[in-house]
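J.:
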């Protein structure tokens with residue numbers, strides 16, 4: 024109970040402000056409890072949440088939203104290593120976390136990487152590049168389609 028607040032303010036908090044706040048949950052005995060956006064408490068639950076988001080096509084999760092639920096979230100994210108990709112958004116500079124699905128990693132030989140880096144296509148239109156590749160018998164890479172279960 025708030026000791027120094029006027030009774031009208033306390034009543035307003037109890038009846039309107041706190042019950043209507045999406046981040047506050049009221050218990051059966053009338054107490055108010057903070058409710059984070061994600062119900063995650065540890066490293067394993069964070070890993071599963073990121074993986075679920077990836078496979079359902081929901082995108083990334085703001086680090087700030089996870090900081091509400093996980094103590095020392097930066098350390099937990101670091102412990103996940105390369106299972107997590109961190110991206111800083113350009114407009115608000117917030118960190119967004121994504122699950123790093125290793126099944127999409129391609130093993131590319133160093134020889135091809137060097138060839139790729141040696142060719143400059145700056146200033147060339149994409150259609151012109153496609154036409155050149157087609158004339159030289161080079162087609163785009165394809166693979167079996169991957170199905171996602173939601």
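Residue numbers (the working numbering): 24 to 173.
All C-beta atoms in this analysis are idealised placements derived from N, C-alpha and C, irrespective of residue type, glycine included.
1. Out of 135, 97 and 127, state which residue places its alpha-carbon closest to the alpha-carbon of residue 77.
2. So does the stretch 127–136 actually touch the stretch 95–103, counting three or more Cβ pairs closer than 8 Å?
3. Buried or exposed: where does residue 30 fall if 16 or more other Cβ atoms within 10 Å of its Cβ makes it buried?
4. Rounded to whole angstroms, what is the Cα-Cα separation between residue 86 and residue 109?
5. For the structure I just gave you, are there three or more beta carbon pairs, one from the stretch 106–124 and one from the stretch 58–76, closer than 8 Å?
6. Taking the beta carbon of residue 89 as the centre, do at least 16 other beta carbons fall within 10 Å, making it buried, or is it exposed?
7. Since residue 62 contacts residue 92 with CB under 8 Å, what's their CB separation in whole angstroms?
8. According to DSSP, is residue 103 part of a helix, a strand, or is it coil?
9. How long is the line joining the alpha carbons of residue 137 and residue 159, rounded to whole angstroms?
10. Roughly how many angstroms lie between the CA atoms of residue 148 and residue 80, to the nearest whole one?
11. When DSSP labels each residue in this structure, what does residue 137 get in the three-state scheme?
12. Assign residue 61 to one of three DSSP states: helix, strand, or coil.
T.: Quick answer:
1. 127
2. no
3. exposed
4. 9 Å
5. yes
6. buried
7. 7 Å
8. coil
9. 20 Å
10. 31 Å
11. helix
12. coil
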